[in-house]
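Letter 257 of the sequence shown, counting from 1, is numbered 256 in numbering that gives the first Met the number 0, and no numbers are missing.
In this text, a Cβ means the ideal position worked out from N, Cα and C, and glycines have one as well.
Worksheet: the structure to be examined is printed underneath.
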Amino acid sequence: MEEELVDIDILIRKVLSYTPDADIELLKQAHIFSNEAHGTQRRIEGSPFIEHPLAVASILADMKMDVPTIVAGLLHDTIEDTNITAKQIRDRFGKEIAFLVEGLTKLSKIEFSTKEEAQAENFRKMLLAMSEDLRVILIKFADRLHNMRTLQYLPEGKQQRIASETLEIYAPIANRLGIGWVRTELEDLSFKALMPDLYNDLVRKVAKRKEEQESYLREVTSIVTEKLKEEGIPGKVSWRIKHYYGIYQKMQKQEIPFEQVHDVLGLRIITDTKANCYAILGMIHSLWAPVPGRFKDYIGVPKSNMYQSLHTTVIGPGGERVEFQIRTTEMNMIAEHGIASHWRYKEKGKMDEKSDRYISWLRELIQAQRELSDAKDFLDAVKGEVVPEVIYVFTPKGEIKEMPVGSTPVDFAYSIHSEVGNKCVGAKVNGRIVPLRFVLRNGDTVEILTSPTQGPSRDWLKFVVTPRAKGRIKQWIKAEERKQSVELGQKLIEAECRRHDLNLSVLKSEEMQRVLKLLSVSSLEDLFSFIGHGKISAHQVVNKLLPEKPEEEAPVPKAVKPPKEHKGISIKGTDNVLYHTARCCYPIPGDGLIGFVTRGRGVTIHRRDCPNVDRLAFDDARLVDVEWKASPDATSPVKLLIEAVDKPGILASLSSVISSVNVNISNATVNSTEDKKSHITFILEVTDKGQLSGLTQKIAQLEGVLKVSR
Ligand code: MN
Numbered sequence: 000m001e002e003e004l005v006d007i008d009i010l011i012r013k014v015l016s017y018t019p020d021a022d023i024e025l026l027k028q029a030h031i032f033s034n035e036a037h038g039t040q041r042r043i044e045g046s047p048f049i050e051h052p053l054a055v056a057s058i059l060a061d062m063k064m065d066v067p068t069i070v071a072g073l074l075h076d077t078i079e080d081t082n083i084t085a086k087q088i089r090d091r092f093g094k095e096i097a098f099l100v101e102g103l104t105k106l107s108k109i110e111f112s113t114k115e116e117a118q119a120e121n122f123r124k125m126l127l128a129m130s131e132d133l134r135v136i137l138i139k140f141a142d143r144l145h146n147m148r149t150l151q152y153l154p155e156g157k158q159q160r161i162a163s164e165t166l167e168i169y170a171p172i173a174n175r176l177g178i179g180w181v182r183t184e185l186e187d188l189s190f191k192a193l194m195p196d197l198y199n200d201l202v203r204k205v206a207k208r209k210e211e212q213e214s215y216l217r218e219v220t221s222i223v224t225e226k227l228k229e230e231g232i233p234g235k236v237s238w239r240i241k242h243y244y245g246i247y248q249k250m251q252k253q254e255i256p257f258e259q260v261h262d263v264l265g266l267r268i269i270t271d272t273k274a275n276c277y278a279i280l281g282m283i284h285s286l287w288a289p290v291p292g293r294f295k296d297y298i299g300v301p302k303s304n305m306y307q308s309l310h311t312t313v314i315g316p317g318g319e320r321v322e323f324q325i326r327t328t329e330m331n332m333i334a335e336h337g338i339a340s341h342w343r344y345k346e347k348g349k350m351d352e353k354s355d356r357y358i359s360w361l362r363e364l365i366q367a368q369r370e371l372s373d374a375k376d377f378l379d380a381v382k383g384e385v386v387p388e389v390i391y392v393f394t395p396k397g398e399i400k401e402m403p404v405g406s407t408p409v410d411f412a413y414s415i416h417s418e419v420g421n422k423c424v425g426a427k428v429n430g431r432i433v434p435l436r437f438v439l440r441n442g443d444t445v446e447i448l449t450s451p452t453q454g455p456s457r458d459w460l461k462f463v464v465t466p467r468a469k470g471r472i473k474q475w476i477k478a479e480e481r482k483q484s485v486e487l488g489q490k491l492i493e494a495e496c497r498r499h500d501l502n503l504s505v506l507k508s509e510e511m512q513r514v515l516k517l518l519s520v521s522s523l524e525d526l527f528s529f530i531g532h533g534k535i536s537a538h539q540v541v542n543k544l545l546p547e548k549p550e551e552e553a554p555v556p557k558a559v560k561p562p563k564e565h566k567g568i569s570i571k572g573t574d575n576v577l578y579h580t581a582r583c584c585y586p587i588p589g590d591g592l593i594g595f596v597t598r599g600r601g602v603t604i605h606r607r608d609c610p611n612v613d614r615l616a617f618d619d620a621r622l623v624d625v626e627w628k629a630s631p632d633a634t635s636p637v638k639l640l641i642e643a644v645d646k647p648g649i650l651a652s653l654s655s656v657i658s659s660v661n662v663n664i665s666n667a668t669v670n671s672t673e674d675k676k677s678h679i680t681f682i683l684e685v686t687d688k689g690q691l692s693g694l695t696q697k698i699a700q701l702e703g704v705l706k707v708s709r
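See the structure below:
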């Protein structure tokens, strides 16, 4: 990781090694141009500035980028830091290079702050730059990598800030773009800057491990090489060492000490064809027993960043675990260079087909940033997306879908289409009905059951894992809450108008417009929604609409008697309000009631004597008078607590009394205490208070019953 000093000749040799017909003159000109532009500027440690653009261009050559990108790397700080203008670069080096340098200049203005909002905003800009031309981002990565390599020259505070930004933003993107070597180097450099003690400790431990295992791994290598020759399979065996941050992450994630990380060192075999990868795997497994559960076929099912390889761990000679990675030269190239390796095969400005997966990831992210207006949600989505662990599941038609580990049928439904997600009511996995929170496994076939009348539930947010599902559910809930609070608000204000004998047309009047202005509310719909949310009370608003009149003893307005045809509650004469009864006090018809306007979920009905009402009363704007609409058939749930002597058959006799009066039991729980008492809790469906008190009396007369209460 030590910084190497690059001069233009070294750079040119590097470029020629993979682009024999590269335009050398252009590279030389760009070098001279940049050198003159930066003039006497120095880097913070005192060296001539040109060393930085040269180093950046050299990193781009390590990524095997095309000549325009290398040239742009040489020029990347000119517009930003010197008098050179974009026009001068365009005149001298053409449109393509000028575009790249300008893109960089825009990006360099982005500073990620620790504040999440600013971070998300900048991330968006980065994504947009990336979607215009990926090469801009690759230059940015090269720039960042060189800055990280020379981080020690910066003041302490700045080091920390840059390192954590690198770890949080740059490394995950590098991972997703498959540029393995850049990602690991960025991670290790950040790790070193952020946690120097831990880092140094790991460096020592890894060196020691290497020393201990060296002769052992050499032995294994020679056995494998020998065997490959015998079988006539081409293959080169080399060692690989897991990068420090990777080891640290594994220790954190599995909560294990360094000593228990077995794959710090491993062997890698590079061969020519896919078929030979499997042949070598078979060979290794015939030499040594594989450790169960450690074989991974990333060739058959590549990782989402297109990483391909076979991984297996075997019990090697002497009972030691040895990890093998087996892959072709091309797969190795992709593992190291990712999207950059595809760049070489592309026609001018066109990506090859394999790059589509990187691009589709980008597109999804950009989509997500449009939909998730909340900066934090967006950042979570971005960070959530970079977890590369995936499973593969099938649609009933046999199409394969990649999903993050932990995905549920709901995630799957949203991955098909947001309408499928929104209408999802159930799922079949491998032909069997499963709950929506079921965690899908690799290879499952998933069929989604939908119903046109269903909508998402807030509870889904507790188990979905994909940002897409989360985003769509939140979006739907927000819209739905808005709709409901607008409806509720309108009903509340209309009822309030009626109480004051105001014609409802007043809501559309000039006068109303004046009130809206007075309350700084921009539309009538917003006003309804505020009332529905309990932010403003209907009473407050209507008061402002009333003609000024002397204070008088206003008689308490009588609630209008509602019609009797169906079940429900009414709020001061308003019908069809969205409501639910509180689970703390289970009010039933006949009880005194009070309603509490919730934030976007309609009205919760409590008994007037419910202890929670006191707690809610702090906000009277949200308390509303409600009353039941009588209905002979409808029932409401009620909780009944019974204390009885703990003896056999008590539950049976209770049940038979309850059903004798035609009351349904929807739930019953029994707890026995040490002093031979039973506490029985029933949830019953009763029509009204009269029915309940009749039943309570009957129960109280039963032998063994000590106490009955709600
Ligand atoms: Mn720079």
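Buried or exposed: where does residue 347 fall if 16 or more other Cβ atoms within 10 Å of its Cβ makes it buried?
Because the pLDDT at residue 347 is just 44, under 50, the model does not fix this residue reliably, and the point stays unresolved.
Of the choices 421, 144, 290, whose alpha-carbon is the least far from that of residue 310?
290
Pick from 193, 156, 173: whose alpha carbon is nearest that of residue 335?
173
Could you tell me whether any non-hydrogen atom of the ligand MN is closer than 7 Å to the CB of residue 30?
no
Along the chain, which unbroken stretches of the beta strand (DSSP E) at least 3 residues long are found entirely within the region 205-263?
235-240
Could you check if residue 242 belongs to the surroundings of the ligand FAD, using beta carbon to heavy atom distance under 7 Å?
The ligand FAD is not part of this structure, which contains only the ligand MN.
Can you give the Cα-Cα distance for residue 295 and residue 339, rounded to whole angstroms?
25 Å
Compute the beta-carbon to beta-carbon distance between residue 267 and residue 293, rounded to the nearest angstrom, for a pair I have assumed lies under 8 Å.
Contact doesn't hold; Cβ gap of about 16 Å is too wide.
When every heavy atom of the ligand MN is checked, does at least one fall within less than 7 Å of the C-beta of residue 55?
yes
In its own chain, which residues sit with a C-beta less than 8 Å from the C-beta of residue 13, not counting the 5 before and 5 after it?
57, 60, 61
Which residues in the same chain as residue 449 place their Cβ atom closer than 7 Å to its Cβ, once the five residues preceding and following it in sequence are excluded?
419, 422, 423, 424
Which residues does DSSP pair with residue 448 in a beta bridge?
425
Going residue by residue through the region 168-208, where are the continuous alpha helix (DSSP H) segments of at least 4 residues, counting only ones entirely within it?
170-175, 179-193
Sequence-distant residues of its chain with Cβ nearer than 6 Å to residue 68 (five each side left out):
59, 134
For residue 70 and residue 96, what's the separation of their Cα atoms in angstroms?
7 Å
Residue environment, residue 546, which counts as buried when at least 16 other CB atoms sit within 10 Å:
exposed
Run through DSSP, which three-state label would residue 324 get?
strand
Whole-angstrom distance between residue 393 and residue 209, CA atom to CA atom
43 Å
First through last residue of the beta strand (DSSP E) which encompasses residue 312
309-314
Mapping the DSSP letters down to three states, classify residue 627 as helix, strand or coil.
strand
For residue 288, which residues does DSSP report across the bridge?
314
Less than 8 Å separating the beta-carbons of residue 637 and residue 593?
no
Could you please give me the residues that DSSP links to residue 538 through a beta bridge?
Per DSSP, none; premise fails for residue 538.
Can you list, in chain order, the residues of its chain with a C-beta nearer than 7 Å to that of residue 613? Leave out the 5 residues immediately preceding and following it.
none
Taking one C-beta from the region 24-36 and one from the region 76-92 each time, how about it: are there three or more such pairs within less than 8 Å?
yes
Around the C-beta of residue 216, are 16 or more other C-beta atoms found within 10 angstroms, so that it is buried, or is it exposed?
buried
With DSSP run on the structure shown, which of helix, strand or coil describes residue 439?
coil
Just to confirm the assignment: which complete alpha helix (DSSP H) runs, minimum length 4, are found wholly within the region 62-103?
66-74, 77-80, 85-92
Exposed or buried, residue 269, counting other C-beta atoms within 10 Å across all chains shown (16 or more means buried)?
buried
Just to confirm before moving on: does the CB-CB distance between residue 432 and residue 455 stay below 8 Å?
no
Should residue 259 be labelled buried (16 or more other beta-carbon atoms within 10 Å of its own) or exposed?
exposed
Report yes if the CB atom of residue 165 is closer than 8 Å to the CB atom of residue 194, and no otherwise.
no
Near the ligand MN, which residues have their beta-carbon less than 5 Å from any of its heavy atoms, given in chain order?
76, 142
Could you check where the alpha helix (DSSP H) with residue 471 kicks off and where it finishes?
466-498
Apply the 10 Å Cβ neighbour rule to residue 202 and answer buried if 16 or more other Cβ atoms are within range, or exposed otherwise.
exposed
With the cut-off set at 8 Å, would you say residue 705 and residue 643 are in Cβ contact?
yes
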